[in-house]
Amino acid sequence: MVERLARGPASVSELARPFEMALPSVVQHLAVLEGAGIVSSTKVGRVRTYQLATVALAPAAEWISHQRLPAERRLDRLGALLTTSTKEPTT
Numbered sequence: 209m210v211e212r213l214a215r216g217p218a219s220v221s222e223l224a225r226p227f228e229m230a231l232p233s234v235v236q237h238l239a240v241l242e243g244a245g246i247v248s249s250t251k252v253g254r255v256r257t258y259q260l261a262t263v264a265l266a267p268a269a270e271w272i273s274h275q276r277l278p279a280e281r282r283l284d285r286l287g288a289l290l291t292t293s294t295k296e297p298t299t
């Protein structure tokens, strides 16, 4: 649902469409996301529309960016080790 909302606002029925879930279950899931500040909603008549609260995702994006370089370095070392290990003759 979050992936879908990254493309723009959507109604509950639009968000529920790809899932084999009852509509109340989808609403409950969206309520959890809204409570966490990940999405926000507006209601016009009987239609509730959700949108991604991009500001709420900024701390997660910042944390991921801080983890990226150390993770890439570890993977580079692992790749070098595996390359070296496969080139050495076995005794």
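Count along the sequence shown starting at 1, add 208, and that's the number in the working numbering. Every residue, glycine too, gets a C-beta built ideally from N, C-alpha and C.
In this structure, DSSP gives ALA239 a helical state, which the three-state scheme calls helix. DSSP places ALA288 within a helical segment (H, G or I) once states are collapsed to three. For ARG256, the enclosing beta strand (DSSP E) covers residues 255-260.
Going by DSSP, ARG212 is part of the alpha helix (DSSP H) stretching over 210-213. One alpha carbon belongs to PHE227, the other to SER273, and they sit about 31 Å apart. Less than 9 Å separates the beta-carbon of LEU238 from that of VAL220. Judged by beta-carbon spacing, THR257 lies within the 9 Å limit of ALA218, meaning their Cβ atoms are closer than that value. Remark: C-beta atoms of GLU242 and SER248 approach each other more closely than 9 Å. Between GLN259 and GLY287, the CB-CB gap reaches or exceeds 9 Å.
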